Amino acid sequence: MPQGADIARCEDVLNRFRLGDIDAFESLFREHRRSVYGWILRIVRDPAAAEDLTVETFWRIHRAHARFEPTRAFEPWARRIATRAALDWLRARRNESGMTDLDVADMPSTSAPDPGIAAEVRLKTAQAFARLPPSLRIAATLAVVEEQPHKEVAAALGISVGAVKLRVFRAIRLLRKDLLEQGITP
Amino acid sequence: MTKQDDERMKQLLQQSLPPIDPAAEPSRDLWPAVLRRVDAEPAATSGPARQNWFDWALLVGLVVFAASFPATIPVFLYYL
Chain A
4 MPQGADIARC
14 EDVLNRFRLG
24 DIDAFESLFR
34 EHRRSVYGWI
44 LRIVRDPAAA
54 EDLTVETFWR
64 IHRAHARFEP
74 TRAFEPWARR
84 IATRAALDWL
94 RARRNESGMT
104 DLDVADMPST
114 SAPDPGIAAE
124 VRLKTAQAFA
134 RLPPSLRIAA
144 TLAVVEEQPH
154 KEVAAALGIS
164 VGAVKLRVFR
174 AIRLLRKDLL
184 EQGITP
Chain B
722 MTKQDDERMK
732 QLLQQSLPPI
742 DPAAEPSRDL
752 WPAVLRRVDA
762 EPAATSGPAR
772 QNWFDWALLV
782 GLVVFAASFP
792 ATIPVFLYYL
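Going line by line, the protein sequences match chains A and B.
Final position of the first sequence in this note's numbering is 189; the numbers increase by one with none missing.
Final position of the second sequence in this note's numbering is 801; the numbers increase by one with none missing.
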């Protein structure tokens with residue numbers, strides 16, 4: 004729990020950031036870079052791309068410094084900008100080739116794959132997932148794969164909780180349809 | 722499709738795309754790259770002017786289109 008002096012220091016940093024102070028911006032970067040990077044990595048699932056997008060996000064944050072309201076929290080604001088940057092990246096990559104075995108194996112995951120599910124099925128599922136529209140994919144990644152609360156996903160995407168649930172529902176249905184067309188019955 | 726089917730699909734998805742390690746960190750210090758980007762494209766010059774120009778061009782295009790094809794106006798209103 005932040006103490007009085009810490010709160011005053013945070014407010015001072017946020018006020019200075021709003022006025023364009025580069026030292027305050029660096030201070031915010033140092034404090035939030037891990038969480039911003041982690042959030043982006045959850046969405047794009049590519050460490051190198053997540054690093055580039057973290058740079059892009061903080062550049063966007065700096066560009067928008069005058070619009071920041073110091074009375075509001077920095078983290079959700081940064082997360083929303085990061086989500087937008089990640090969504091732009093997913094859209095740009097949508098027509099590129101799908102994921103490979105290597106892509107899936109390279110992800111810094113927390114759990115080992117279930118041996119009961121064939122590697123080929125997992126790969127085809129990941130490829131089918133990569134073909135989904137980015138707006139559905141991002142909602143399903145955060146809400147289903149990363150199990151983030153719907154409220155946080157909604158705040159990051161700038162939509163309602165109901166819209167998040169609807170996007171997840173549509174993503175799951177489209178994914179199932181794609182897999183059935185490939186002869187895979189989930 | 723039942724709720725059970727949905728749950729099975731979610732499990733398959735979680736197995737295919739395992740959650741990311743929450744402790745994952747960037748492999749390098751990104752601050753120099755952020756600073757280079759900020760120096761290359763200063764905050765004051767980009768955003769508003771370009772956005773303004775695009776907004777106006779879009780508005781003019783829509784008005785011209787709506788004037789040329791008035792029957793499409795209800796379709797536009799439906800999707801707003």
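Even for Gly, the Cβ is constructed at its ideal location relative to N, Cα and C.
Please read these numbers as outputs of a predicted model, since none were measured by experiment.
A residue is called buried when at least 16 other Cβ atoms come within 10 angstroms of its Cβ; K180(A) does not meet this threshold and is exposed. Judged by DSSP secondary structure, H35(A) falls within the alpha helix (DSSP H) whose first and last residues are I25 to V47.
Of the residues L756(B), D750(B) and Q735(B), the one whose Cα lies closest to the Cα of E150(A) is Q735(B).
Between L160(A) and T60(A), the C-beta spacing is not below 7 Å.
Proximity of F61(A) to chain B, defined by a Cβ-Cβ separation below 7 Å, is satisfied. Counting along the chain, R94(A) sits inside the alpha helix (DSSP H) bounded by residues F77 to R96. DSSP places H68(A) in no alpha helix (DSSP H); its state is neither H nor E.
A distance below 8 Å between beta-carbons, with the five flanking residues on each side excluded, links I175(A) to the following residues of its chain, in chain order: A143 and V147. By the Cβ rule, the region 773-784 of chain B does not count as touching the region 160-173 of chain A, because fewer than three pairs are nearer than 8 Å. When C-alpha distances from V39(A) are compared across D55(A), A27(A), R66(A) and I25(A), the shortest belongs to D55(A). Close to W752(B), with beta-carbon spacing below 7 Å, are these residues of chain A in chain order: E29 and F32. The C-beta of K724(B) comes no closer than 7 Å to any C-beta of chain A. Residue-level contact by beta carbon holds for G41(A) and chain B, with a gap shorter than 7 Å. Linking V784(B) to V171(A) through their CA atoms gives a straight-line distance of about 36 Å. With a contact defined as Cβ atoms closer than 8 Å, L733(B) and P189(A) qualify at about 5 Å. Look at A745(B): its C-beta is under 7 Å from a C-beta on chain A.
By the neighbour-count criterion, in which a residue is buried when 16 or more other Cβ atoms sit within 10 angstroms of its Cβ, L182(A) is buried. Taking 7 Å as the CB threshold, D776(B) stays off the interface with chain A.
Going by beta carbons, F71(A) and R125(A) fall outside the 7 Å limit.
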